[in-house]
Amino acid sequence: MSSPFRPAHPSTRPRDEQRPAPARTGWLALGMAGGLLGAQIAHAATGESQSDFGGVGLMQTPTARFAPQGELSFTYSRTQPYKRFSVNAAPFEWMELGFRYVSVETVSYGEAAPDRDYLDKSFDTKFRLWEEDRYRPALAVGLRDLGGTGLFSSEYLVASKRYGDLDVSLGLGWGYLGTRGDFSNPLALVRSSLETRSDTTSDNGGDFQLGSMFSGSPAVFGGIEYQTPWDPLTLMLEYEGNDYSDEPLTVEIDQDSPFNLGATFKVNDNLSLHGGWERGNTAMLGLSLSTNLAGLAQAKDDGTPEDVAPSHHSRYRHDQTPEAFRVRSLDAVNRGNSETIPSDRPPRPAGATPASAPSLDGGEAAPLSTPSPTGDEAAPLSTPSLDGDVAAPLSTPSLTGDEAAPLSTPSPTGDEAAPQGRLLTLPTSPSATTGEPAASPPAPIRLEDVDWQALAATLRAQTGLEVSRLRVEGETLVIEAEATRFRKDLQAEGRANRVLHNRLPAEITHFRYRLSSNGLALREDEHPREAFVAAANDRRFGAEYEHSITARAASPAPDDDASAEAATVLDREPAGFNWGFSPNLKQNFGGPDGYLYQLNLQLDALWRTDRNGWFSGVATYQLADNYENYEYIADSDLPRVRTYVGDYVKETDLGITNLQYTRTHQFGRDWYAQAYGGILEMMYAGVGAEVLYRPMNSSLALGLDINRVRQREFDQQFGLRDYSVTTGHATAYWQSGWHDVLVKGSVGRYLAGDIGATLDLSRRFSNGVSVGAWATMTDAGDDYGEGSFDKGLYVSIPLDAFFTTSSKGSTGFAWAPLTRDGGARLNRRYQLYYMTDDRDPEGYWEGIDKVYK
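Residues 18 to 870 (the numbering used here) make up the sequence shown, in order.
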């Protein structure tokens, strides 16, 4: 379906491994297959079916209905002599995008492949003009075969209205949809040239025939969709505006009736089967596979975060409920036993006033214990009741999940008290009421006794923070680290707060996380310790804590002289070597050879030389493919920079697709750079560099890359071919702030030496999934050949949508109508913009609800 040279949008790729989409396409295939097998028979609904052409509709005609936002659908249908394959996406609830291939069984591909069916490629889009309400139908406008060959080009305006189990649509179609030409074009009153329709076909395709849109005589089309009493089944009756009198490519088709009958059976939430009787004489069969990308999620089993030891700050201590102040000693838990607080408190003097706990409703405090009138042992401690009833005896929370045990006070006779939780951070202080010393806590933790190596290892295990340096600056602990596990950094920082609070002395009052990526300092986030502890134990303090967190741009390197009290307590290089296996699926679809695939087993390896430098490598071993069908090599007047793809794939079973050294550098707070050299991708080796300017809190970033590369031999080893080129681009990145849409515009020189520009639009959903499309226009002109310009659709999906453990990795795929030489870019494995995702503060604050999880 896609070219192996179209990397998916890498916005959710791991920071140290931004690889092209094909590197993890296998994970996507496995995840989608699992979802299909696990789904149950679903309830069908009108206005959801995919048409023969792809996109929501009836059979041959569209409707004003749209798939849910984030929906991705693959559709196949066959109505002799046409076989149609399409992929459609709904990046917004009011927009639909699609690519389609049409195989014409009665027409050959031509001299290039006379024994193969002709294959046409096209692009569709549809927009909602307004939504349906009680009296007004939904209205949509759409374009078919936009920027393709124009063989099936159409424009339409359609309305849809639902009445109970019936969904009624009525529309007006121009071009292929309106071949019957029911009446003169009413738009000719506005512009006389629209009265007749000129030839909209293009030999090479890719031309936008804007002047012919909505021209010529239109025809009426419409239909009814009925939801049957059997939930999975819907029925359709359709009236076409096409009478098949002017089919493209001189195809001859007889139509006995303009009415079509059809049905859709929804097997489950992902799979639908279609059948029908069209033209009064021809059967139609099809199926659709769909999933909602915006709703992809998986319940997580990342372990339970540590309990938070109670606050030692007087303000929070007196505001919190008493249960929050007693937890088991972590040392005792690790040893599997419990410890007892020494009962060295002397008996309470006669007549002493009992200590009180604050009332949760702001009223008079209730006594924690009451002396017995007879002088016997005091009654059990109790907590204020939230509903005003008699308070229950105070108990300590059980860390094992068993029922909590009642908490006892020391016996006046000096007998040993019952086991109690240990106060980890509360200082010893006399009773505010009696003046007597409190029960002795464990010996206070001293900063010089902290095992910093063990602390860093615990942070890595529980939070995914790869710590490179720990510094103490006065009352602040600075943690320099790279976040590698949770998609939301606040979740990692919240868990780290727990680990640090439970292991550090009270003199550390703030935790500052200095996050980096591949040695590039990105952002500093500071959390006040006491405010976090109070909020973690009592959500009433949540708003105060959340508003006390600060996030700011990080400077290139910490200032060792920032404070006279600054001290580095841990400084280490990142882990040296790691590797892993993954499935890899390479695909190519759009030429006369049909669908071509290659299934590989891929080995990834990475060795870090220091914080800013690393070697990376990828080797693939071929498991299965059908490239024996690869025969056709398109004519090209440009250097063959991509159209030798089949030779690279079928030449060897074992190949090296990446082997490079990369080094990063930061020139200033907002300036980043990288340089790299080696085998950069499957087809090219060379050297290159990139510079990026990305200020904090800015929606705009600017980048520049330049590369000198040479084409590799087909065996994907170390040999090089004669062709070499200098290629590079200046790129502007703009976070529009509208529906999380990212706009990328690039201008520069491409692999074939052609000069032009690329526009890339993508939308990221809240779960991290991105859907986007790109188009490239260059000065190649007619030399480009079929397609006229480069274009495609891509999807990027976070891996934790499929697995129960959190991950910052991603997978995805791209779909380009065909692989050509014009507008081809070098597939650089690492890109600074995606390395520096943490410069986006909006994405950081979106994870505020994760800070307690």
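Think of the CB as a built atom: it goes at the ideal place given N, C-alpha and C, for glycine as much as any other residue.
Model, not experiment: these values are computed from the prediction.
By the Cβ neighbour-count rule, Gln470 is exposed, with fewer than 16 other Cβ atoms within 10 Å of its own. Secondary-structure assignment with DSSP links Gly703 through a beta bridge to Gly695, Val726. With 16 or more other CB atoms across the displayed protein chains lying within 10 angstroms of its CB, Val104 is buried. With respect to the 7 Å criterion, Leu721 and Val742 are not classified as neighbours on the basis of their beta carbons. Taking C-alpha positions only, Trp294 is separated from Thr80 by approximately 19 Å.
Of all C-beta pairs linking the segment 657–677 to the segment 620–637, three or more are shorter than 8 Å, placing the two stretches in contact.
Counting along the chain, the unbroken beta strand (DSSP E) around Thr299 starts and ends at 299–309. In the DSSP assignment, Phe632 falls within the unbroken beta strand (DSSP E) covering 630–642. Within the same chain, Ser171, Tyr173, Pro235, Ala236, Phe238, Gly258 come within 7 Å of Gly190 by CB-CB distance, once the 5 residues on both sides are set aside. When C-alpha distances from Tyr562 are compared across Gly115, Thr681, Ile865, the shortest belongs to Ile865. Just so you know, the alpha carbons of Val726 and Glu269 end up roughly 50 Å apart.
Put simply, the segment 66–84 touches the segment 96–114. At least three CB pairs are less than 8 Å apart.
Glu255 is bridged by DSSP to Gly240, Asn277.
If you draw a straight line from the Cα of Phe503 to the Cα of Leu288, it comes to about 32 Å. Glu148 carries a coil assignment under DSSP once its states are collapsed to helix, strand and coil. The closest CA to that of Ala553, considering only His518, Asp542, Ser534, Ala568, is found on His518.
Contact check for Glu668 and Phe731: beta-carbon distance about 4 Å, within the 8 Å limit, so the pair qualifies. For Pro79, the three-state secondary structure derived from DSSP is strand. Under the DSSP assignment, Ala473 falls in the alpha helix (DSSP H) whose first and last residues are 469–480. Contact between Leu618 and Leu602 does not hold, since their C-beta atoms are separated by about 11 Å, which reaches or exceeds 8 Å. Cβ contact annotation for Leu266 (same chain, cutoff 8 Å, sequence separation greater than five): Val121, Val124, Tyr135, Leu168, in chain order. Leu156 and Trp832 have their C-alpha atoms some 29 Å from each other.
Taking a contact as a CB-CB distance under 8 Å, the pair Lys867 and Lys505 counts as one, their CB atoms being some 5 Å apart. Distance check between Gly279 and each of Gln272, Asn285, Thr299, Leu778 places Thr299 closest, using alpha-carbon atoms only. In the DSSP assignment, the residues bridged to Gln67 are Val73.
Arg512 has its alpha-carbon roughly 30 Å from the corresponding atom of His756.
Ranked by Cα distance from Leu482, the first of Glu490, Val489, Pro461, Asn514 is Asn514.
The beta carbons of Leu487 and Val586 sit closer together than 7 Å.
Counted as a single uninterrupted DSSP element, the beta strand (DSSP E) harbouring Phe116 occupies residues 112–125.
Pairing Leu620 with Ala636 gives a Cβ-Cβ distance under 7 Å. Annotated three-state conformation of Tyr689 is strand, per DSSP. Gly798 carries a helical assignment under DSSP once its states are collapsed to helix, strand and coil. Leu778 sits close to Gly789, with the two beta carbons spaced by under 7 Å.
Counting only residues of its own chain and dropping the five nearest sequence neighbours on each side, Val764 has a CB closer than 7 Å to the CB of His746, Ala747, Ala774.
Of the residues Leu194, Ser209, Pro154, the one whose Cα lies closest to the Cα of Ser186 is Pro154. Tyr767 sits in coil when the DSSP states are folded into three classes, being neither helix nor strand.
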